[in-house]
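*Asks:* My numbering numbers the first residue of the sequence shown as 3 and each following residue consecutively. For glycine and all other residues, C-beta sits at the position ideal for the given N, C-alpha and C.
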Amino acid sequence: MNRRFVHETRVGALILMASVIFVVAIFSIGRHQKIFGQKVRYKIIFSNISGLNKGDAVMLNGLIVGNVDRIQFPKNMSRPGIEVVISVQKNVETRIREDSKASIASLSLIATRFVNVTIGSPSSPILPPGSYIRAVRSSGLNAVLESSNKVMGNIDVLAINLQKILNNVSEGKGLLGNLLTQPNPEFQKTLLNMERTTGQLQELVLNARHGKGALGYLLTDTVRVQQTVRNLQQASRRLNNLSKKLENSKTLMGRMLNDPKYGKEITQNVAEILRSLKNITAKIDTGKGTLGALVNDPEVYWGMRDAIYGVESNRFLRWFLPKTRKTGEAVRKEMQKRHRQTP
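Now the structure itself:
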């Protein structure tokens, strides 16, 4: 009887201790997960849940505030994707606004997924419970994994294409295969031309290094190059000054360039002068007129020469001509003086 009592007492104590531990654990987990607090629910439509499961955490800017309550297809068939219902603490509902965004993220390659919701801006209205939070494409590790999958797919395609190319080359197919397995004379000529071109380029570089040729002159004789540059700068400045003068309508050339009417008038005058000179030279060539006679008739020249000798040999004429010249100069000066005094 005593043994049975002791045994039952031990069993009862063990059950009691286990119950206490269980209750404490439940309350501890509940306090951590906020199981016993008031919750509000929101809905999110994701195009791909990326391995998200019911019960996974929900974070608000990285802080755990709830968990995934349900994952299901939308009742409305017009909504593509997967509907995720999240349950979050009621005391954070004022931070979920209409401009809040939800995404699926992961902390590592093997860690479980979680839903991350961003805090909305204070100027945006509060999103009522039961509403849809706008989903955005996953960032961070998920995006890296998705992009890496695409890259790996592209690498696979590239590897297959390279394998095909190598097979064709080894079998002598295609241009590259023919060149490697059956080199023709044209290809050999091309190689020889490339070799000659390379040699010529090498010779050109060596000459340039030793100051030979125009390129070597430019690279080695810096003093002359600088002088040439200065001369070019001076010539450029002079051309600039000349262009400015031509643009100025006060100069003759500038007025001719900028005033079409004046330029046309000058051109006509020059043309008339040239025509007159042409007529004069024509008369001179044909012996017409005094100048034509002087040029074409030697008797006129010798007659004038004899007259000059005669004047120089006559004493009276040598005295009379200078006196007459002085008298003429005095008369000319008197007439000029009267002309200036006339109003």
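From N55 to A104, what does the alpha carbon distance come to, in whole angstroms?
*Replies:* Rounded to whole angstroms, N55 to A104 spans 16 Å at the Cα level.
*Asks:* With three or more beta-carbon pairs closer than 8 Å as the criterion, would you say the segment 111-130 touches the segment 59-75?
*Replies:* A contact exists between the segment 111-130 and the segment 59-75.
*Asks:* Provide the residue span of the beta strand (DSSP E) that contains D58, from first to last.
*Replies:* Counting along the chain, D58 falls outside any beta strand (DSSP E), and DSSP gives it neither H nor E.
*Asks:* Pull the bridge partners of K45 from the DSSP assignment, please.
*Replies:* V87 and Y134, per the DSSP bridge assignment.
*Asks:* What does N118 pair with, by DSSP beta-bridge criteria?
*Replies:* The partner list for N118 (beta bridge, DSSP) reads M61 and S105.
*Asks:* Assess, as a yes-or-no matter, whether the segment 43-54 is touched by the segment 90-110 under the definition of 3 or more beta carbon pairs within less than 8 Å.
*Replies:* With a cut-off of 8 Å, the segment 43-54 and the segment 90-110 count as touching, because enough Cβ pairs lie within range.
*Asks:* Rounded to the nearest angstrom, how far is the Cβ of V90 from that of Y44, given a contact under 8 Å?
*Replies:* About 7 Å; that satisfies the 8 Å criterion.
*Asks:* What residues are listed by DSSP as bridge partners for N69?
*Replies:* According to DSSP, N69 bridges with A59 and S89.
*Asks:* Within 10 angstroms of the Cβ of V350, are there 16 or more other Cβ atoms? Answer buried if so, exposed if not.
*Replies:* Within the shown structure, residues of the chain are numbered from 3 to 345, placing residue 350 beyond reach of any answer.
*Asks:* Exposed or buried, what is R115 when buried is set at 16 or more other beta-carbons lying within 10 Å of its beta-carbon?
*Replies:* That one is buried.
*Asks:* Please work out which residues of its chain come closer than 6 Å, Cβ to Cβ, to D101, disregarding the five sequence neighbours upstream and downstream, and give them in chain order.
*Replies:* Excluding residues within five positions, the ones whose Cβ falls inside 6 Å are G122, S123 and S126.
*Asks:* Taking the alpha-carbon positions, what's the K92 to I84 distance?
*Replies:* About 24 Å.
*Asks:* Roughly how many whole angstroms lie between the Cα atoms of V159 and L168?
*Replies:* Going from the Cα of V159 to the Cα of L168 covers about 14 Å.
*Asks:* With DSSP collapsed to three states, give me the class of R139.
*Replies:* Coil at R139, not helix or strand.
*Asks:* Buried or exposed: which applies to A284, given that a residue is buried once 16 or more other Cβ atoms fall within 10 Å of its Cβ?
*Replies:* By the 10 Å Cβ count, A284 comes out exposed.
*Asks:* Evaluate A137 with the Cβ neighbour count: other Cβ atoms within 10 Å of its Cβ, from every protein chain shown; 16 or more gives buried, anything less gives exposed.
*Replies:* Buried, because 16 or more other Cβ atoms sit within 10 Å of the Cβ of A137.
*Asks:* Measuring only the C-alpha atoms, how far is N156 from N170?
*Replies:* Distance between the alpha carbons of N156 and N170 is about 21 Å.
*Asks:* Go ahead and pull the three-state DSSP assignment for R228.
*Replies:* Note that residue 228 corresponds to Gln in the displayed sequence, not to Arg. Three-state DSSP puts Q228 in a helix.
*Asks:* With the cut-off set at 9 Å, would you say V94 and V70 are in Cβ contact?
*Replies:* No, they are not a contact pair.
*Asks:* Identify, in the order they occur along the chain, each residue of the same chain with its Cβ nearer than 8 Å to the Cβ of T79, setting aside the five sequence neighbours on each side.
*Replies:* This sequence places Met at residue 79; Thr is not what is there. Same-chain partners within the cutoff: there are none.
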